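Please read the structure below before turning to the comments.
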Amino acid sequence: MAEGTGRRPKVDPDSGVEDVTMLILEWLGEQGVGAMIRVDAERLRDGRPAWTFAASGGPLDGGMRADGASPAECMGRALQALREAGLAVPF
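Letter 60 of the sequence shown, counting from 1, is numbered 235 in our numbering, and no numbers are missing.
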């Protein structure tokens, strides 16, 4: 994987974070973290934030979850939470 650029994505639907989501998941796996992103059709129908990122294991003390109304919002929140948990995600 390429070295990180030091960018810090914001919770912004135009940030482009969804473009690197698969690279983030792969990097997390390399760190021993199991992670996934999913959409919940029922929450989508109900107009609630339907996207969820979940991760656990490796250097994380416990599991973590981030929700958002779009993949970009969800991943932006997830990156913030991962960094707050001490993981220097290089994207």
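We put the beta carbon where it would ideally sit given N, CA and C, even for glycine.
Only a predicted model underlies this, so the values are computations on that prediction, with no experimental measurement involved.
I199 is a Cβ neighbour of F266, given a cutoff of 7 Å.
DSSP places A210 within a strand segment (E or B) once states are collapsed to three.
By the Cβ neighbour-count rule, L235 is buried, with 16 or more other Cβ atoms within 10 Å of its own. The alpha-carbon separation between V264 and A230 amounts to approximately 13 Å. Secondary structure of D236 (DSSP, three-state): coil. Counting the other CB atoms within 10 Å of its CB gives G237 a total below 16, which places it among the exposed residues. For A230, the enclosing beta strand (DSSP E) has its first and last residue at W226 to S231. Taken atom to atom, the span from the alpha-carbon of G243 to that of G232 is near 22 Å.
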